[in-house]
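The numbering of the sequence shown is my numbering, which starts it at 4 and goes up by one. Inspection log for the structure reproduced underneath, given as structure tokens.
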Amino acid sequence: MKDNEKIIKELSTKSPRQRLGVIQRLLTYAKPPLVVALLLTLRKLQVPNGRRQVVNFMANSKNPFYLDSLVQELKFTQYDYVERDIVLAALIKIGAFDRFFGHRRPGINIQKKLFLINKLKGPKTLIQILENETIDFEELVKSVESDTSHWTK
């Protein structure tokens, strides 16, 4: 926790351009849990393309520990919807759900459905999808579509 407070203090005292440099240095040397904490901290700070840079770094590194850290954050921390969506977007970007779609990236429609599952069913369902292959993703998507079909009428 002291590391997080130190990062927030250091980032808040710098200009937006300097913050970007600090983030780049942090990404090079930080451990995955600290990078995930940085991702959630960037919501409060104004850093141009800060979250995008952190998520792209996690995706390009192909480090499985980022996936584990993001799932742990989703499991054990209470978030508001915006922070859950940030974590979910990072999970989609680093390829956590790729096994459901073969070798292609999930399209925009699938991503929207994942965000709806997050909103309607909660993060526990997403965690079950990630950890447990017995959940039928297609059935879950159909149930979410039937729950939200009255929204478009």
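Beta carbons are placed, not taken as given, at the ideal position from N, Cα and C, and that holds for glycine.
Coarse secondary structure for residue i, derived from DSSP in three states
i, result
"phenylalanine 100", "coil"
"threonine 44", "helix"
"lysine 9", "helix"
"asparagine 63", "helix"
"threonine 128", "helix"
"serine 18", "coil"
"asparagine 135", "coil"
"asparagine 121", "helix"
"lysine 78", "helix"
"alanine 93", "helix"
"lysine 34", "coil"
Straight-line gap, residue i to residue j (C-alpha atoms, nearest Å)
i, j, result
"threonine 44", "proline 19", "14 angstroms"
"arginine 46", "arginine 54", "8 angstroms"
"glutamate 141", "serine 72", "26 angstroms"
"threonine 16", "leucine 119", "37 angstroms"
Nearest-angstrom beta carbon gap, residue j and residue i [assumed within contact, 8 angstroms]
i, j, result
"leucine 91", "asparagine 121", "5 angstroms"
"valine 74", "leucine 133", "6 angstroms"
Sub-8 angstroms separation of residue i and residue j beta-carbons
i, j, result
"arginine 22", "leucine 48", "yes"
"isoleucine 97", "leucine 70", "yes"
"isoleucine 10", "glutamine 56", "no"
"methionine 61", "alanine 40", "no"
"proline 35", "asparagine 63", "no"
"valine 147", "lysine 116", "yes"
"leucine 77", "leucine 129", "yes"
Chain B contact for residue i (CB, 8 angstroms cutoff)
i, result
"glutamate 13", "This model lacks chain B altogether; it includes just one protein chain."
Proximity test, residue i beta-carbon vs the ligand ADP heavy atom, cut-off 7 angstroms
i, result
"glycine 125", "The ligand content of the structure shown is nil, which means the ligand ADP is not present either."
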